[in-house]
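Novice:
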Amino acid sequence: MIKKITAISIIAFTLAMGVVAQKRQVMLDKVVAVVGGSSILHSEVLRTAEEMTQRRRDMGYTSDRDPFTEALEALLLQKMLYNQALIDSVEVNTADVVGRVEEQVNRMAEEAGSIPALEKKHHMQIYHIREMLRRRMEEQSYASAMQGQVTGKVTITPGEVERFYKRIDKDSLPTIAKQYVYAQITMFPKSIVEAKQRTRERLLEMRERIITGKTKFSTMARMYSVDGSAIQGGEMEPTVLAGFVQPFADALRELKPGQVSEVVETEFGFHLIQLIDRKGELYHCRHILLRPIYTVEELAEPLRELDSIADLIRKDSITFEAAAAKFSDDIHSKQNGGIVTNHDLLEHYNAFDAKLTATRFLEEDFGMGRGKSIEDYNAIRRLQVGEISPAFQSQDLVGNNLSKIVKLVEIIPPHPASLKDDYLRLEAMALSDKQGRVFDEWVDKKIGEMYVFIDPDYRHLDLVNKHWFK
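Position 254 of the sequence shown, counted from 1, bears residue number 261 in the working numbering, the numbering being contiguous throughout.
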């Protein structure tokens with residue numbers, strides 16, 4: 008993905024329409040509530056309650072609250088956020104919504120066995136299913152973006168963190184799970200120059216086919232691009248230039264509508280870019296992203312070299328720190344004894360700040376989209392402190408192939424959170440607490456300003472926020 012990302016998650020609804028929960032008494036559908044210009048149907052509350060219940064069952068826990076009541080309150084909040092987002096002209100990535108709809112439809116069709124089977128199952132044609140999903144996902148996207156605008160403005164000071172920490176009963180302090188400190192030596196394949204050239208040549212061939220009219224840009228993107236936008240033919244939401252990484256933005260700036268760029272290299276790989284149109288400062292474009300591809304032998308070569316380096320370290324012929332400085336390709340750790348930090352993640356999201364530096368990682372910090380690869384975790388969890396792993400293959404944060412060895416430096420056992428050792432995590436907790444309070448106050452205010460009606464037959468429900476009842 009090429010755009011700079013900011014993400015805030017709200018109201019987690021699963022979208023699996025195939026979920027079948029315990030059936031409730033059948034009744035004619037009716038409007039349960041109205042928020043702004045949006046109505047909430049009884050069937051919608053039932054479906055949401057079933058989805059929430061199933062999702063929690065899958066995660067291994069249940070709620071003490073009545074599912075119907077909880078679902079209604081979640082929908083009231085979502086509708087309010089959606090309507091306020093429209094009032095405030097909040098923008099969302101509609102292309103991303105379309106992509107997620109197609110992914111969901113494909114999953115549903117695969118589960119049903121075919122498109123006709125899916126239509127029969129839901130008693131509606133595929134375009135109705137697709138449109139229903141689009142409306143749901145789009146509304147959730149607007150609601151999420153609106154909440155992000157409210158909570159994104161909240162900041163916190165060290166003094167507030169300290170007061171938050173002192174306010175917590177010492178017996179109720181959160182327990183910080185086991186953490187790992189580790190070091191690494193990484194290597195990209197030696198043939199990276201040749202692999203990059205092969206990628207450039209492949210894109211140049213695609214460009215030739217596009218500009219000579221033999222193939223449409225969108226068709227090539229769907230067939231070959233490794234970016235998430237491929238499903239939309241490479242098309243991305245209109246964005247200001249500052250929303251793209253620099254080389255991409257520089258190339259886009261020079262294009263006229265319909266033109267295709269030369270091959271552009273960024274941290275994500277190699278691109279062809281086509282400008283669709285420009286309205287003011289908003290650039291609407293599509294792109295094709297490719298990353299270098301290596302042969303099995305090209306990928307095996309750095310593994311052998313790293314295993315040789317690991318043997319030298321184990322024999323005390325060189326220290327891990329010296330080997331990292333001499334051999335590692337990782338600019339973030341090689342001058343720091345190979346110690347792994349979160350600098351790459353912070354820079355990736357354009358949020359680098361030295362005070363946010365972390366060298367301790369929880370198990371949950373490893374995995375897809377969490378900053379550190381699951382391959383790292385699988386390697387260090389088998390080590391004793393001071394041991395070095397065999398070489399293994401992995402990928403960096405943007406998907407480039409590399410190999411590495413890791414050394415387990417320290418294991419911090421589970422312990423109550425402290426300001427001295429866990430400030431960043433306490434800061435995040437304090438910020439989340441403050442964001443919650445600010446958001447709740449904002450919601451109460453907006454409920455008072457917006458039209459809200461709840462059918463008398465449902466006014467007996469025990470909603471947490473009593474402001475919904477006017």
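Quick reminder that beta carbons are idealized off the backbone N, C-alpha and C, glycines included.
To the nearest angstrom, how far is the alpha carbon of ASN407 from that of GLY276?
Specialist: Here the question's residue 407 lines up with position 400 in the sequence shown. Here the question's residue 276 lines up with position 269 in the sequence shown. If I take the Cα positions, the gap works out to 8 Å.
Novice: Between GLN191 and ASP337, which are expected to be in contact by the criterion C-beta below 8 Å, what is the C-beta distance as a whole number of angstroms?
Specialist: Taking the sequence shown and counting its residues from 1, one reaches residue 191 at position 184. Taking the sequence shown and counting its residues from 1, one reaches residue 337 at position 330. Indeed they touch by this definition, with Cβ atoms about 7 Å apart.
Novice: Which residues mark the beginning and the end of the beta strand (DSSP E) in which LEU279 is found?
Specialist: Here residue 279 corresponds to residue number 272 of the sequence shown, with the count starting at 1. Looking at the DSSP string, the run of the beta strand (DSSP E) that includes LEU279 is 276 to 286.
Novice: Can PRO309 and LYS160 be called in contact, C-beta distance under 8 Å?
Specialist: Here the question's residue 309 lines up with position 302 in the sequence shown. Here the question's residue 160 lines up with position 153 in the sequence shown. No, the pair does not count as a contact, with Cβ atoms beyond the cut-off.
Novice: Assuming LYS379 contacts MET87 under a Cβ cut-off of 8 Å, what Cβ separation, rounded to an integer in Å, is found between them?
Specialist: The residue given as residue 379 occupies position 372 in the sequence shown. The residue given as residue 87 occupies position 80 in the sequence shown. Contact doesn't hold; Cβ gap of about 37 Å is too wide.
Novice: Would you say the beta carbon of ARG367 comes nearer than 7 Å to a heavy atom of the ligand ADP?
Specialist: Because no ligand of any kind appears in the structure shown, any question about the ligand ADP cannot be addressed here.
Novice: With ALA228 and GLY241 assumed to form a contact (beta carbons below 8 Å), what rounded beta-carbon distance in angstroms separates them?
Specialist: Taking the first residue of the sequence shown as position 1, residue 228 is located at position 221. Taking the first residue of the sequence shown as position 1, residue 241 is located at position 234. Confirmed, about 3 Å.
Novice: Does DSSP classify ILE387 as helix, strand or coil?
Specialist: What you label residue 387 is simply residue 380 of the sequence shown in a count that begins at 1. Note: ILE387 maps to helix in three-state DSSP.
Novice: With three or more C-beta pairs closer than 8 Å as the rule, is the segment 139 to 153 touching the segment 398 to 415?
Specialist: Judged by Cβ distances under 8 Å, the segment 398 to 415 makes no contact with the segment 139 to 153, as fewer than three pairs qualify.
Novice: Buried or exposed: where does LEU140 fall if 16 or more other Cβ atoms within 10 Å of its Cβ makes it buried?
Specialist: As a position in the sequence shown, residue 140 is number 133, starting the count at 1. LEU140 comes out buried.
Novice: Is GLN186 near PHE327, with beta carbons less than 8 Å apart?
Specialist: To locate residue 186, count along the sequence shown from 1; it is residue 179. To locate residue 327, count along the sequence shown from 1; it is residue 320. No, the Cβ-Cβ distance between GLN186 and PHE327 is not below 8 Å.
Novice: Ignoring anything shorter than 3 residues, give me the beta strand (DSSP E) runs that lie fully in the segment 415 to 472, in order along the chain.
Specialist: Runs of the beta strand (DSSP E) inside the segment 415 to 472: 459 to 461.
Novice: Quick check on GLN266: does DSSP put it in helix, strand or coil?
Specialist: Translated into positions along the sequence shown, residue 266 becomes position 259. In this structure, GLN266 counts as coil in the three-state DSSP scheme.
Novice: Which whole-angstrom value is the C-beta distance of MET153 and GLN91, which I expect to be below 8 Å?
Specialist: Here residue 153 refers to the residue found at position 146 when the sequence shown is read from its first residue. Here residue 91 refers to the residue found at position 84 when the sequence shown is read from its first residue. That pair is a contact at about 5 Å.
Novice: Confirm, please, whether the CB-CB distance from LEU289 to SER254 is below 8 Å.
Specialist: Stepping through the sequence shown from its first residue, residue 254 is reached at position 247. Stepping through the sequence shown from its first residue, residue 289 is reached at position 282. Going by the sequence as given, residue 254 is Pro instead of Ser. No, the Cβ-Cβ distance between PRO254 and LEU289 is not below 8 Å.
Novice: Please work out which residues of its chain come closer than 7 Å, Cβ to Cβ, to LYS477, disregarding the five sequence neighbours upstream and downstream, and give them in chain order.
Specialist: Taking the sequence shown and counting its residues from 1, the one referred to as residue 477 is at position 470. Cβ neighbours of LYS477 beyond the five flanking positions: VAL459.
Novice: Whole-angstrom Cβ separation of LEU210 and VAL112, contact assumed at under 8 Å?
Specialist: Residue mapping note: residue 210 aligns to position 203 of the sequence shown, counting from 1. Residue mapping note: residue 112 aligns to position 105 of the sequence shown, counting from 1. Not confirmed; about 30 Å, so no contact.
Novice: Can you list, in chain order, the stretches of the beta strand (DSSP E) that have 3 or more residues and sit fully within the segment 136 to 222?
Specialist: Counting only runs of 3 or more, we get 186 to 194.
Novice: Using 8 Å as the threshold, is the C-beta distance between TRP475 and LEU53 below it?
Specialist: Residue 475 sits at position 468 when you count from the first residue of the sequence shown. Residue 53 sits at position 46 when you count from the first residue of the sequence shown. Against a cut-off of 8 Å, the Cβ pair of LEU53 and TRP475 comes out as no contact.
Novice: State the start and end residues of the unbroken beta strand (DSSP E) segment that holds SER46.
Specialist: Walking along the sequence shown from the start, residue 46 turns up at place 39. 45 to 48 is the extent of the beta strand (DSSP E) around SER46.
Novice: Is the beta carbon of THR348 less than 8 Å from the beta carbon of SER340?
Specialist: Sequence index remark: in the sequence shown, residue 348 carries index 341 (1-based). Sequence index remark: in the sequence shown, residue 340 carries index 333 (1-based). Contact flag set, yes.
Novice: Our contact map puts LEU313 next to SER410 with C-beta atoms below 8 Å; I'd like the distance itself, whole angstroms only.
Specialist: Position 306 of the sequence shown, counting from 1, holds the residue named residue 313. Position 403 of the sequence shown, counting from 1, holds the residue named residue 410. So it is a contact: roughly 6 Å between Cβ atoms.
Novice: Does DSSP put HIS294 in a helix, a strand or coil?
Specialist: If you number the sequence shown from 1, residue 294 lands on position 287. Looking at HIS294 - three-state DSSP - the assignment turns out to be strand.
Novice: Using the Cα positions of THR162 and ILE316, report the straight-line distance between them to the nearest angstrom.
Specialist: Your numbering for residue 162 matches position 155 in the sequence shown. Your numbering for residue 316 matches position 309 in the sequence shown. Cα to Cα, THR162 sits roughly 46 Å from ILE316.
Novice: Can you grab the Cα-Cα spacing for the pair ASP447 / GLU80, in whole Å?
Specialist: Residue mapping note: residue 447 aligns to position 440 of the sequence shown, counting from 1. Residue mapping note: residue 80 aligns to position 73 of the sequence shown, counting from 1. In a straight line, the C-alpha of ASP447 is about 13 Å away from that of GLU80.
Novice: Where do the ends of the beta strand (DSSP E) carrying SER396 lie?
Specialist: For the purposes of this step, residue 396 is taken as the residue at position 389 of the sequence shown. Note, SER396: premise wrong, no beta strand (DSSP E); not H, not E.
Novice: Once you ignore the five residues that flank LEU438 on each side, which residues in its own chain have a CB closer than 6 Å to its CB?
Specialist: Walking along the sequence shown from the start, residue 438 turns up at place 431. Excluding positions up to five away in sequence, the list reads ILE163.
Novice: Would you say the segment 65 to 75 touches the segment 121 to 137, given that touching needs at least three Cβ pairs under 8 Å?
Specialist: These segments do not touch.
Novice: Leaving aside the five residues before and after VAL247 along the sequence, list all residues of the same chain whose C-beta is less than 6 Å from its C-beta, in chain order.
Specialist: Within the sequence shown, the letter at position 240 stands for residue 247. Counting only Cβ-Cβ distances below 6 Å, and skipping sequence neighbours, we find GLU288.
Novice: Spatial neighbours of ASP429 within its chain, please: CB distance less than 6 Å, with the 5 preceding and 5 following residues excluded, ordered by chain position.
Specialist: Indexing the sequence shown from 1 puts residue 429 at position 422. So the qualifying residues of the chain are ILE183.
Novice: So what does GLU272 bridge to, in DSSP terms?
Specialist: Here the question's residue 272 lines up with position 265 in the sequence shown. Per DSSP, PHE277.
Novice: Leaving out the 5 sequence neighbours to the left and right, which residues in its chain are closer than 8 Å to SER232 when beta-carbon positions are compared?
Specialist: As a working mapping, residue 232 is identified with position 225 in the sequence shown. Closer than 8 Å at the Cβ level, and outside the excluded window around SER232, lie GLY241, HIS294, ILE295, LEU296 and LEU297.
Novice: Can you give me the start and stop residues for the alpha helix (DSSP H) that VAL41 sits inside?
Specialist: Sequence index remark: in the sequence shown, residue 41 carries index 34 (1-based). Segment 38 to 42 is the beta strand (DSSP E) holding VAL41; no alpha helix (DSSP H) there.
Novice: TYR89: buried (16+ other C-beta within 10 angstroms of its C-beta) or exposed?
Specialist: Residue numbering aside, residue 89 sits at position 82 when the sequence shown is read from its first letter. Buried is the call here.
Novice: For MET131, report the span of its alpha helix (DSSP H) as first-last.
Specialist: Residue numbering aside, residue 131 sits at position 124 when the sequence shown is read from its first letter. MET131 -> no alpha helix (DSSP H), and no H or E assigned at all.
Novice: Of all the options LEU306, GLU77, ARG174 and VAL97, which has the alpha carbon lying nearest to the alpha carbon of ILE194?
Specialist: Here the question's residue 194 lines up with position 187 in the sequence shown. Note that residue 194 corresponds to Met in the displayed sequence, not to Ile. Checking every option, the nearest Cα to that of MET194 belongs to LEU306.
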